[in-house]
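Each residue of the sequence shown is one higher than the one before, counting from 1 in full-length UniProt numbering.
A virtual CB, placed ideally from N, CA and C, is assigned to each residue, including glycine.
Structure, as C-alpha cells:
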Amino acid sequence: HNSMNKITEYKERLCAQGLSQTFGQDYSKTFAPTGHLHSLRALIAYSVREGLDFQQLDIYSDFLNASLDEDVYLSIPQGLLMCRKSYCLKLKKAIYGLRKAPLAWYKRLMTWLVCSGFTASVSDPCVFFRAAPPPIWLFFHVDDIAVFGRKLSSFKRDMKCKFDVKDIGEADLILGIKLNRVNGGLILSQTHYVESVLALYGMSECRPVATPMVPNSHLEEGSLKECSEFKALVTSYRSTMGTLSYLSVATRPDISFAVSSLSQFLENPGIGHWNAFLHVLSYLKGTSDLGLLYVSKGDSGLCAYSDADWGNCKQTRQSATGFTISFNNCLIIWKTCKQPTVSLSTAEAEYKALTDLSTEGCINTASSDSNSNARRIKHVEIQLHFIREVIQNGLIKVVYVPTSKMLADFMTKLVCRPTLVKCLEALNVLGLRARGDVENRA
C-alpha cells in the first residue's frame, strides 16, 4: 500500500510450514529484535532539529538474503513436476515461514552493517550508527529501513551492491505512519489508518464525541447478562483492541489511557466494554487528523512528565502510571499502565511512576518532596530507592509541577475536553488542519 492506503503491487511467495518444526530438534533460538517505535520517533525528532536527510529503503525478499546454519528440508510444492514424489528439497536460504527466518535475516543485515563500520545501539539492537563523516543513523524494522544523515547516496550505493534494494527516496510512509511535511518540520499521523478502522466497524458516519471516554465514568467487570449480550455480537474483542493498540503507541497518546483501560477486560468482555470501544471510535472520527508535530526549533534537551493516580482501580485499588518524554519539544515516548502492586500512599504510587522514568527525568509532587528532604518511606520497596542515587549523580532533576500544569495528567485518568486539549497542544500533538499554528511553532 502507498501513503493513500491504495494497493500498489501484489506479491506471492513460497512459504514453509514452520508450525511443523519441533523446538530443540529443528530449531532452538528464534527471537529476532524489531525496531522500537520510540527509537524511530527519537531519530526523526533529531533529524528535524539538525536538518538531516530522511531516506527510506525497502529490501526485496529480505529473508531470502539469509543463509541457514543447519540443514532444513522441504516437501516438494504441489505443481512442481520436474521432481519425483520421493524427493525433497534442501533449503539454501531462510524462506518465509521458517521459525528461524527472522533471526537469520537480522544476523545477515547486522553482520553487513558491522563490517561497514556501523555500531549497534545499546538500547535498541535495530538502531545503528556510523561516526565516519558524514555520520549516518540507521533504523530498521524487518525489511523497512530508515536512514538519517547527509550525503546518503554513497551508503545507498554500497547497500544496493549487497542487497536487492528498493530506493523509496524521501520517507513518506513508514510502519503505517504518514510523514506530513510542513514549514519547519513534520507531522506524524495515521489518518488513513483511523479511517480504515472506522470503516471496518461501520463507524464512518458516526457522530464525533469530545473525549476518548466519558469523563467520570468507570469500567467494571461485565455481568453474566452483559457478557452474553457481547457474545451475541459474534466479534473478537481482542482483535478490536489490537486495532486501537497500534494507533495508541504509534501516534495517538490521547487514546492511550482509554485503550489501556479497555484492554484489562480481554478475557471476559461485556456489552459495556464494547460500547466504550465504539465511543473511542466516535472520538477518533472527530480527531482523525491528529498527529505529532516535530519542529526544528525548541528546547534541545529532554523533558519528562510523570504522574500517578493513586488507587484508581475500584476492583483492586491498584494505581495508574502515566508519563511523557519529549526531545526538542517533540513527544517521542509515552506510557500509561496499571501499577503491578498496590500502593499504600500517593507518595508510593508517584515513586513507582518515577521509577519508570528514572533515566529520563520527571515532575512529581509527593515523591519530589520525599527526595528533596531525604526522608525515608519505609513501606516502599527497597529497589525503588535507586532513584535517589540517580538524582544524587545528577542524571535527572526532579521538579514539582502543579496539577494544572501536569502534561501527563490525561495519561492516568479521564479528563474533560479542555484539559485534554491543553495537554495535547502543550505536547505538540496537533491536527493537520492547524497549518497556520504549525508555522508559528516552527
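- The C-beta separation of Ile-332 from Ala-42 comes to about 5 angstroms, placing the pair in contact by the 8 angstroms criterion.
- A distance of 8 angstroms or more separates the beta carbons of Thr-30 and Arg-108.
- Beta-bridge annotation (DSSP): Lys-166 is paired with Asp-58.
- With a threshold of 16 other beta carbon atoms within 10 Å, Arg-388 falls short and is exposed.
- Contact between Thr-251 and Leu-186 does not hold, since their C-beta atoms are separated by about 11 angstroms, which reaches or exceeds 8 angstroms.
- In chain order, Leu-52, Asp-53, Pro-134, Pro-135, Ile-136, Trp-137, Phe-155 place their CB closer than 8 angstroms to the CB of Gly-149, counting only its own chain and leaving out the 5 sequence neighbours on each side.
- Contact between the stretch 265-280 and the stretch 219-233 is present: three or more C-beta pairs spanning the two stretches fall below 8 angstroms.
- Rounded to whole angstroms, the Cβ separation of Cys-337 and Pro-215 is 21 angstroms, and the two are not in contact under 8 angstroms.
- Contact annotation: the stretch 111-124 does not touch the stretch 89-98, with fewer than three C-beta pairs closer than 8 angstroms.
- Under the criterion of beta carbons closer than 8 angstroms, Asp-144 and Leu-175 qualify as touching, at roughly 6 angstroms.
- Residue pairing by DSSP places Asp-144 opposite Asp-58, His-141 in a beta bridge.
- Inter-segment contact for the stretch 277-292 and the stretch 207-214 is present: three or more beta-carbon pairs are separated by less than 8 angstroms.
- According to the DSSP secondary-structure assignment, Trp-334 is paired through a beta bridge with Thr-324.
- The continuous alpha helix (DSSP H) containing Arg-41 extends over residues 37-50.
- The DSSP assignment places complete beta strand (DSSP E) segments of no fewer than 3 residues inside the stretch 157-244 at 165-170, 177-182, 185-189, in order along the chain.
- Proximity to Phe-327 across Asp-409, Ala-347, Ser-296 peaks at Ser-296, based on C-alpha coordinates.
- Counting of Cβ neighbours within 10 angstroms places Pro-102 among the buried residues, the total reaching 16 or more.
- Asn-428 and Ser-345 have their C-alpha atoms roughly 32 angstroms apart.
- Burial check for Asn-393: the Cβ neighbour count within 10 Å stays below 16, so the residue is exposed.
- DSSP places Arg-417 in the uninterrupted alpha helix (DSSP H) bounded by 417-426.
- Collapsing the DSSP output to three states places Cys-313 in coil.
- Per DSSP, the continuous alpha helix (DSSP H) segment holding Cys-115 begins and ends at 101-115.
- With fewer than 16 neighbouring CB atoms inside 10 Å of its own CB, Val-114 falls in the exposed class.
- Per the C-alpha coordinates, the member of Lys-397, Arg-49, Gln-21 positioned closest to Asn-183 is Arg-49.
- Comparing alpha-carbon positions, the option among Pro-77, Ala-308, Arg-130 lying closest to Ala-16 turns out to be Pro-77.
- Secondary structure of Ser-404 (DSSP, three-state): helix.
- Contact between the stretch 256-264 and the stretch 161-168 is absent: fewer than three C-beta pairs spanning the two stretches fall below 8 angstroms.
- Going by beta carbons, Leu-414 and Ala-426 fall outside the 8 angstroms limit.
- Partner residues in a beta bridge of Ser-343, as assigned by DSSP, do not exist.
- Of the residues assessed, Cys-161 falls on the exposed side of the cut-off, its CB having fewer than 16 other CB atoms within 10 angstroms.
- DSSP places Leu-278 within a helical segment (H, G or I) once states are collapsed to three.
- In this structure, Ala-104 lies near Ala-66, with their beta-carbon atoms less than 8 angstroms apart.
- For Val-127, the enclosing beta strand (DSSP E) has its first and last residue at 127-130.
- Apart from the 5 residues on each side of it in sequence, Leu-284 sits with its Cβ closer than 6 angstroms to the Cβ of Val-194 in its chain, given in chain order.
- DSSP, reduced to helix, strand and coil, places Ala-120 within a strand of the structure shown.
- For the pair Thr-341 and Ser-319, the Cα-to-Cα distance works out to about 8 angstroms.
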